[in-house]
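Residue numbering for the sequence shown follows my numbering, beginning at 1 and increasing consecutively.
Step one of this worksheet: look at the structure below.
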Amino acid sequence: MRVQPWANVASLECVVVDETGGLVVVFLGRRRVAGIELGRHLVVDGVVGAHRGYLAMMNPEIALLVAAQPAAPTKKHHWWRRGGRKA
Numbered sequence: 001m002r003v004q005p006w007a008n009v010a011s012l013e014c015v016v017v018d019e020t021g022g023l024v025v026v027f028l029g030r031r032r033v034a035g036i037e038l039g040r041h042l043v044v045d046g047v048v049g050a051h052r053g054y055l056a057m058m059n060p061e062i063a064l065l066v067a068a069q070p071a072a073p074t075k076k077h078h079w080w081r082r083g084g085r086k087a
């Protein structure tokens, strides 16, 4: 995510990625969009065109998705933290 000038107007650019590839999503005249943050799962709907050499969607409709809760991290035991290697 970054804020880039577009015709002297700040615009938020985000890259949305899925298993088929990536797409630049541009919100013209916006520095931020409520609910959009790094790692957020969402669905965008709009017309795709070219923007600075990439596939892009300008001012799309968005639907914020509830991401699945990540699994609790497992505690890893590393041999180098126990003072030596065990055979």
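Glycine included, C-beta positions come from ideal geometry on N, C-alpha and C.
Next on the checklist: Within a Cβ cutoff of 6 Å, which residues of the same chain sit near Gly35, ignoring the five residues on either side of it in sequence?
Outcome noted: Walking along the sequence shown from the start, residue 35 turns up at place 35. In its chain, beyond the 5 residues on either side, Leu64 have a beta carbon closer than 6 Å to the beta carbon of Gly35.
Next on the checklist: Per DSSP, what are the beta-bridge partners of Pro5 in this structure?
Outcome noted: As a position in the sequence shown, residue 5 is number 5, starting the count at 1. As DSSP reads the structure, Pro5 sits in a beta bridge with Ala10.
Checklist entry - Between which two residues does the beta strand (DSSP E) containing Gly29 stretch? => result Position 29 of the sequence shown, counting from 1, holds the residue named residue 29. First-last for Gly29: undefined, no H or E at that position.
Next on the checklist: With DSSP as the reference, identify every bridge partner of Val17, one or two as the case may be.
Outcome noted: By one-based count along the sequence shown, residue 17 stands at place 17. Beta-bridge annotation (DSSP): Val17 is paired with Gly22.
Next on the checklist: Alpha carbons only, please: which of Gly49, Arg2, Arg52 and Val44 is nearest the one belonging to Val17?
Outcome noted: Your numbering for residue 17 matches position 17 in the sequence shown. It is Val44.
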